[in-house]
Amino acid sequence: MYCQMSSMVPEDRDLTWSGSHSMASEGGSSMAIPQSALWTTSTTTARMDTGQLSPISTGCDAPVHERVTGATLPPMIHSATSSRADSWSTTYSEDAEAGDAEQETQWEHGPDNVLAVPKIEPSDDDKFNMNSIKEAPRLVSPAVNGRRNVTKQNRDKNAVVCEGYHERQIWKSGREKAEEGTRYDSTFGFPRLTRDLEQRMKRPLITLRPIFPGVETPEDIVFLDHYMNYVSGVLTVESEHKNAFKEMLLPMALQNGGLMHSILSMASRHIDYDAPYGKKILETHPKVSLASLLERSEFHHTAAMKKFHEDIDRERKNDGNGAEVNLSVRYGQMLCLLIQTVAEGSRSGEHRVHLEAYKHLIADNPPSDSAFLVFVTEFFQYRVFADELIHSPDMHKPRLALEDWAPWLPIEPARLIGVGDGLFNYLCQITSIRNDIRANVAAGIDPPFNYQLIYRTVPIYKALDEWQPHWPPGDSRDRVGSLYKKMAWVYLHRTIHPPSSSSPPPPNPLHCSMQRLAPTASKSQFVPQQQPMHTPPTDRPNSGHSTPSRTDSPPPIRLPPHHDPGLTVAVEECLDIIRSFKPSDPVQTLLLVPCVIIGCASFAPEQRERIRAAVRAVRGYTGLRNCELVLELLEEVWKLMDVGDWARVWDWQGVARSLGLDFSCA
């Protein structure tokens with residue numbers, strides 16, 4: 003077949019097939035269609051040279067003879083056995099040909115007999131202004147029943163779209179969109195931000211729930227930050243980055259809301275808003291105010307006490323048969339309450355309520371955690387011993403401090419001084435001797451320091467002489483140990499030298515003899531003059547003018563009867579050690595107790611001024627307001643020194659009671 007078809011086509015002719023036709027597949031054979039080279043070439047060239055469709059072309063692969071005149075088309079041979087009618091076998095009627103002839107486009111032939119595409123010139127109608135185009139109004143298609151489908155009547159229902167499309171949006175008018183702060187560009191329809199929307203976008207869109215119990219407001223964040231970065235690092239000599247207040251107390255507070263309220267309440271009472279630190283807090287936190295901080299502080303205190311009493315009541319009702327109460331949390335709340343009284347500078351003895359509660363609770367129900375037990379024991383017991391340095395004893399109540407007290411577990415590592423090393427036990431024994439001497443003075447026994455008390459003093463002095471601090475040599479805490487050792491000696495010396503009943507009464511300040519301290523070769527040693535200084539008599543009349551030497555002379559120093567120069571030396575050595583510490587040294591926490599005892603033995607004005615500076619340094623480092631009460635007591639004792647009231651100077655606990663001062667000096 004292939005050979006017969008090839009013989010029917012001349013050598014100078016091509017056989018061209020339409021791209022949309024193929025061989026018949028129904029059993030019939032199609033005859034070969036001879037075409038001239040001109041037809042084939044011109045048609046192919048016209049399609050390839052134009053590069054685009056004719057402006058009146060339909061875009062489909064239609065035969066050329068449908069659009070051109072019959073004179074330009076060569077004769078075509080149609081197969082009688084074609085399987086279907088197509089564009090190659092189309093039959094035109096006369097009417098159709100007449101209609102097409104009227105709408106024919108006049109095509110021109112190029113020099114190579116190729117149909118040329120006519121040039122399209124723009125008409126005047128094509129010139130129009132884009133700005134004159136207006137957006138067509140939204141068409142409302144009528145429903146089947148002839149009524150208009152108004153979308154505004156049910157916006158939620160009509161906004162439902164199919165799955166896979168944009169999430170549904172409720173139709174809103176332009177006024178509603180403008181009120182919401184979103185406007186849409188008229189050209190592209192993109193949302194355009196307005197000033198109101200930009201301001202709202204700057205605000206936090208998500209409100210987080212509190213992550214810690216009790217920490218709910220910006221004021222709470224301020225209190226918690228103050229506790230973690232300040233309070234927890236100034237109550238012990240540990241590092242500010244690693245201490246028991248952070249590692250033990252804070253994790254328990256995250257599990258118990260009552261303890262968290264106690265911590266926040268204590269931290270809030272510790273802030274002094276009149277100091278530069280407190281003013282800086284108000285400046286750096288614009289969301290809070292002084293009124294809001296004070297209000298939130300009172301809220302936490304009330305909530306903490308409520309939780310504290312609820313736990314106690316629940317324990318009484320359960321009577322050991324119900325759910326166990328977390329005693330570690332109770333100890334933590336008591337500790338916070340104790341610190342709060344010191345931070346506020348309470349002078350009514352509130353701290354002793356918590357110390358007594360600790361003594362009763364620790365005897366029957368110590369904490370189960372050994373590390374927490376060591377921490378609580380040292381912290382409370384330090385303040386139990388120090389409380390007797392200020393508090394006047396009550397004969398009708400038992401003492402909190404015991405001479406033979408011993409810790410349940412070895413206190414390691416030591417965060418304070420005097421508790422685990424046994425030094426405060428000696429102070430407790432000295433206080434016992436002082437109480438007995440006070441009782442002898444009140445009973446009129448002379449001398450008040452009798453043989454029995456002397457017998458008890460000797461082993462105390464021997465133990466103090468052998469006591470050594472446990473800190474490494476060169477450490478600042480090692481120097482604090484030496485300071486406490488000398489302080490204990492000063493306390494013992496002042497205790498066993500009370501004023502006797504045979505001592506002369508306080509002299510008149512206008513007619514009294516003065517004693518001066520003269521410095522020796524030693525820098526800190528002063529030797530008092532044993533004889534009082536009297537003005538020599540003179541026959542010269544009084545001119546009413548004082549000499550410059552008398553005007554420029556320092557104020558006189560009054561010393562107690564039978565003053566020991568060794569006491570002055572010890573006081574000077576203690577003051578030198580205190581001055582050696584930097585204001586930012588953590589041992590400032592431990593210097594308030596020595597300031598009380600050394601201050602009550604400072605007779606010279608220079609010594610008193612150094613004590614004032616030391617107390618202010620402790621106040622600046624710790625932020626505890628009980629330092630102000632210490633200065634108030636010392637100022638009164640120094641006034642009594644100046645007037646020579648040595649009986650009251652010796653009994654400074656009685657002076658504190660007369661002033662209404664009952665505070666913790668720790």
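Quick note: to get the numbering used here, add 2 to the position in the sequence shown (first position is 1). Cβ atoms here follow ideal geometry from the backbone N, Cα and C, with glycine treated the same way. These numbers were taken from a predicted model, which means no experiment stands behind them.
Where residue i falls: helix, strand or coil (DSSP)
i    : result
S267 : helix
S350 : strand
S22  : Residue confidence for S22 is low, a pLDDT of 41 falling below 50, so the modelled location carries little weight and cannot support an answer.
W473 : coil
D366 : helix
D653 : coil
I2   : No information on residue 2 is available, as it lies outside the stretch 3 to 668 that the chain covers here.
I392 : coil
I172 : coil
D587 : coil
D566 : coil
Boundaries (first-last residue) of the alpha helix (DSSP H) holding residue i
i    : result
C338 : L329 to E346
P220 : P220 to H228
R487 : The sequence given here places Lys at residue 487; Arg does not occur at that position. Run containing K487: S478 to T497, per the alpha helix (DSSP H) assignment.
I283 : P278 to T286
R211 : That residue, R211, is in no alpha helix (DSSP H); it is neither H nor E in DSSP.
R316 : L292 to N320
C667 : Neither: C667 is in no alpha helix (DSSP H) and is coded neither H nor E.
W407 : That residue, W407, is in no alpha helix (DSSP H); it is neither H nor E in DSSP.
M643 : N628 to V645
V620 : P607 to T624
V598 : L594 to G601
M254 : L252 to Q257
Cβ distance (whole Å) where residue i is taken to contact residue j below 8 Å
i    : j    : result
W654 : L631 : No, W654 and L631 are not in contact; Cβ-Cβ is about 13 Å, not under 8 Å.
T591 : V239 : 6 Å
K361 : L411 : Actually they are not in contact, since the Cβ atoms of K361 and L411 sit about 17 Å apart, beyond 8 Å.
L485 : I613 : Between I613 and L485 the Cβ distance is about 13 Å, and since that is not below 8 Å, they are no contact.
A668 : Y275 : At roughly 24 Å, the Cβ-Cβ gap does not stay under 8 Å, so A668 and Y275 are not in contact.
M489 : C629 : 17 Å between Cβ atoms; not a contact.
W473 : D480 : 4 Å
G260 : V331 : 7 Å
C430 : F387 : 6 Å
V224 : H287 : 6 Å
I439 : P500 : 5 Å
I172 : L237 : I172 to L237, Cβ: 59 Å. No contact.
G483 : I419 : 6 Å
R627 : A345 : 6 Å
A616 : L633 : Not a contact, Cβ separation roughly 10 Å.
A619 : P585 : 5 Å
G422 : E380 : 6 Å
F214 : M262 : 7 Å
Sequence-distant residues of the same chain with beta carbon closer than 6 Å to residue i, five excluded per side
i    : result
V217 : L226
S264 : A306, Q335 and C338
L494 : I432
F247 : S234
E390 : A403 and T433
T343 : E352 and H353
E317 : V327
R659 : S394
K244 : none
F426 : F387 and G420
Beta-carbon proximity list for residue i, same chain, < 8 Å, skipping 5 on both sides
i    : result
A373 : M250
Cβ neighbours of residue i in the same chain (closer than 7 Å, five flanking residues each side left out)
i    : result
E221 : V290, S294, L295 and R298
A603 : V492, R496, L569 and V573
S582 : R481
A465 : Y428
V680 : Here the chain comprises residues numbered 3 to 668, so residue 680 is not present and cannot be evaluated.
Beta carbon proximity, residue i to chain B, threshold 9 Å
i    : result
E637 : Chain labels in this structure do not include chain B; a single protein chain is all it has.
Proximity test, residue i beta-carbon vs the ligand GTP heavy atom, cut-off 8 Å
i    : result
K282 : This structure lacks the ligand GTP; in fact it carries no ligand of any kind.
Quiz item: In the stretch 411-457, which residue ranges form an unbroken alpha helix (DSSP H) of at least 4 residues, counting only runs that do not cross its ends?
Solution: Runs of the alpha helix (DSSP H) inside the stretch 411-457: 425-445.
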